[in-house]
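A.B. asks:
2 protein chains.
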Amino acid sequence: MKKADHAEKFCPIARTLAVLEDSWSFLILRNAFLGARRFSDFERQLGLTRHLLSARLGALVEHGILRKTASAQDQRAFDYTLTEKGLALYPVIVSLSEWGRAHTLEGDGPFDYIHATGCGAPMRPQLCCSECGEPIGPHDVSVSASFTLRERLAGLTEEAAERELGYPVPAVESV
Amino acid sequence: MKKADHAEKFCPIARTLAVLEDSWSFLILRNAFLGARRFSDFERQLGLTRHLLSARLGALVEHGILRKTASAQDQRAFDYTLTEKGLALYPVIVSLSEWGRAHTLEGDGPFDYIHATGCGAPMRPQLCCSECGEPIGPHDVSVSASFTLRERLAGLTEEAAERELGYPVPAVESV
DNA sequence: AGGGTAAGGTTCTTTTTTGGAACCCGTCAA
DNA sequence: TTGACGGGTTCCAAAAAAGAACCTTACCCT
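Below you can see the structure in the form of structure tokens.
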């Protein structure tokens, strides 16, 4: 099975990964969040080949994550800026950063300080329940298949559904 | 520059991506969170080649994200289970899922329902400030370089520091 | 005890994707 | 008007992935 086929799975994780093809897209987004806008910014900061940068930026524009506009200052240049859809990837980038900070820096001590503007205190971003605000971990949630998902898998055997989905069919609970 | 070199950058995002080499590792983790444990589980569910699965599982074990233990039932078999370090990747997987749910399913309607066990209501996981609990977006935070980071970059020119880091050197604020 | 099969890999060969460098073309600035 | 810069594209060699075959233990059944 080829990587590209992830786009066809009925799984939001696989589809997101299909859009973000490889690590370079994540790093392009990181730098976009930090203010990079120009082809040459990304090239210099990331050190990836022009060929690949061109392909990745093109795909991100294609998917509506970046917007490509002519630069006001220089007719030769373009600005790549985050769209709303791109800005919505912020939690992905922050989550990667938080894990890396906690598990890959080994004795290098704290790396940065983050302040929420509304609050002022140094903080760590964390995943919470949108309803009660409590932090969410792998043992704190239950997931049930929606009607749409069940409909999509209707008539398939357990094995076929698992292949279609990429993981075992989730339990059908009330809702 | 090669992808592997991301591990040497002093950036928690790049280092995390270096650990999670490509999309397959993310999908392996997704399925591990959903209960997959055996080589054959991952192979059947993901449909990737045995060669690559072997390499990715090996790397995840190597990095302490999965733990490989002999199966109790079958002397031939092994269980790959998430360590604490692996469980800590939960927000990464959830963030990918939430974005994909909101931006890649196009009219396919709701996909699943998530309930926090402590709360009961259907919810969407979101990123919040650990101190005040308010939701965090790209415009709600300011980041400043830690002493460790500044020390690491001391004596380098702006350009050299940018190359070392992979992005522009962050502003030095109080703290 | 012996044959078939399953678990978990490894080893091949062929196809795809990269990395790296060179080239190109329309600006821009001196 | 000459040289450099921005943003690509093209080419080739090198690296990595897909797919299939093979291998080794260890079950399971008779």
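Quick note, the sequences are listed as chains Z and U, same order.
Sequential numbering from 858 applies to the first sequence in the numbering used here.
Sequential numbering from 858 applies to the second sequence in the numbering used here.
Every residue gets a Cβ at the ideal spot worked out from N, C-alpha and C, and that includes glycine.
(1) So if DSSP puts residue 935(U) in a beta bridge, which residue, or which two residues, is it bridged to?
(2) Can you give, in chain order, each stretch of the beta strand (DSSP E) that sits fully within the region 1003–1029 of chain Z and has at least 3 residues?
(3) In terms of residue numbering, what span does the alpha helix (DSSP H) encompassing residue 960(U) cover?
(4) Under 7 Å Cβ-Cβ, which residues of chain Z neighbour residue 872(U)?
(5) Secondary structure at residue 863(U), three-state DSSP: helix, strand or coil?
(6) Find the residues of chain U that neighbour residue 973(Z), judging by a C-beta separation of less than 8 Å, and give them in chain order.
(7) I want to verify the contact list: residues of chain U whose CB lies under 7 Å from the CB of residue 1015(Z), in sequence order.
(8) Determine the direct distance from the alpha carbon of residue 929(U) to that of residue 915(Z), and round the result to whole angstroms.
(9) Which value, in whole angstroms, describes the spacing of the CA atoms of residue 942(Z) and residue 1015(Z)?
(10) For residue 925(Z), count neighbouring C-beta atoms within 10 Å of its own C-beta (all shown protein chains included) and say buried if the count is 16 or more, exposed if not.
(11) Could you spell out where the alpha helix (DSSP H) holding residue 874(Z) opens and where it closes?
(12) When the Cα atoms are used, what is the spatial distance from residue 1025(Z) to residue 927(Z)?
(13) In whole angstroms, give me the CA-to-CA distance for residue 1051(U) and residue 932(Z).
(14) So, helix, strand or coil for residue 971(Z), using DSSP?
(15) Could you list which residues in chain Z have their beta carbon closer than 9 Å to that of residue 1002(U), in chain order?
(16) In angstroms with no decimal places, state the Cα-to-Cα distance between residue 877(U) and residue 961(U).
(17) Could you tell me whether any Cβ in chain U is nearer than 8 Å to the Cβ of residue 908(Z)?
(18) Would you please state the rounded distance, in angstroms, between the beta carbons of residue 923(U) and residue 906(U)? I believe it to be under 8 Å.
(19) Please state whether the Cβ-Cβ distance between residue 956(U) and residue 974(Z) is less than 8 Å.
(20) Using CA atoms only, rank isn't needed, just tell me which of 1005(U), 984(U), 980(U) and 1004(U) is closest to residue 999(Z).
(21) Pick out whichever of 892(U), 1028(U) and 1022(U) has its Cα sitting closest to the Cα of residue 862(U).
(22) So, at 7 Å on beta carbons, what are the nonlocal neighbours of residue 894(U) in its own chain, with the 5 sequence-adjacent residues on each side left out?
(23) Given a limit of 9 Å on CB to CB distance, which residues of the region 881–906 of chain Z reach chain U?
(24) Should residue 909(Z) be labelled buried (16 or more other beta-carbon atoms within 10 Å of its own) or exposed?
(25) Going along chain Z, which residues have a C-beta under 7 Å from residue 952(U)?
(26) Measuring alpha carbon to alpha carbon, tell me which of 899(U), 946(U) and 891(U) ends up nearest residue 911(U).
(27) Excluding five sequence neighbours on each side, which residues of the same chain lie with their C-beta closer than 7 Å to the C-beta of residue 985(U)?
(28) Is there at least one Cβ from chain Z nearer than 8 Å to residue 931(U)'s Cβ?
(29) Indicate the three-state DSSP secondary structure (helix, strand or coil) for residue 987(Z) in the structure shown.
(30) If you count every other CB in all the chains shown that lies within 10 Å of the CB of residue 968(Z), and 16 or more means buried, which is it?
(31) Counting only beta-carbon separations shorter than 8 Å, does residue 937(Z) have a partner in chain U?
C.D. replies: According to the data block:
(1) Residue pairing by DSSP puts residue 935(U) in a beta bridge opposite 927(U).
(2) As far as the region 1003–1029 of chain Z is concerned, it has no whole beta strand (DSSP E) run of at least 3 residues.
(3) Per DSSP, residue 960(U) belongs to the alpha helix (DSSP H) from 947–960.
(4) Per Cβ cutoff of 7 Å: 957 and 961.
(5) Residue 863(U): helix per DSSP, three-state reduction.
(6) Those within 8 Å of residue 973(Z) in chain U are 986, 988, 989, 991, 993, 997 and 998.
(7) Result: empty, since nearest Cβ-Cβ is about 11 Å, beyond 7 Å.
(8) Approximately 50 Å, taken between the alpha carbons.
(9) Computed Cα separation, rounded: 34 Å.
(10) Flag for residue 925(Z) reads exposed.
(11) That run of the alpha helix (DSSP H) goes 869–876.
(12) Residue 1025(Z) and residue 927(Z) have their C-alpha atoms some 46 Å from each other.
(13) Shown here, chain U extends from 858 to 1032; a query on residue 1051(U) therefore has no answer.
(14) Residue state, collapsed to three classes: strand.
(15) Within 9 Å Cβ-Cβ: 968, 969 and 970.
(16) C-alpha of residue 877(U) to C-alpha of residue 961(U): approximately 22 Å in a straight line.
(17) Under the 8 Å criterion on CB atoms, residue 908(Z) is classed as non-interfacial with respect to chain U.
(18) The beta-carbon distance between residue 923(U) and residue 906(U), rounded to whole angstroms, is 19 Å. This is too long to meet the 8 Å contact definition.
(19) It is not a contact, given that the beta carbons lie outside the stated cut-off.
(20) Taking the Cα of residue 999(Z) as reference, the smallest distance to any Cα among 1005(U), 984(U), 980(U) and 1004(U) is reached at 980(U).
(21) Nearest option by C-alpha distance: 1022(U).
(22) Answer for residue 894(U): 936, 937 and 938, listed in chain order.
(23) Against chain U - using a Cβ distance shorter than 9 Å - the residues of the region 881–906 of chain Z are 881, 883, 884, 887, 888, 890, 891, 892, 893, 898, 901, 902, 903, 904, 905 and 906.
(24) Classified as exposed, residue 909(Z) has fewer than 16 neighbouring CB atoms from the shown chains inside 10 Å of its CB.
(25) In chain order: 948, 949 and 952.
(26) Nearest of 899(U), 946(U) and 891(U) to residue 911(U), Cα basis: 899(U).
(27) Only 991, 992 and 993 meet the Cβ criterion.
(28) By the rule that beta-carbons nearer than 8 Å mark a contact, residue 931(U) does not touch chain Z.
(29) DSSP places residue 987(Z) in coil when its eight states are reduced to three.
(30) A residue is called buried when at least 16 other Cβ atoms come within 10 angstroms of its Cβ; residue 968(Z) meets this threshold and is buried.
(31) Not a single C-beta of chain U is nearer than 8 Å to the C-beta of residue 937(Z).
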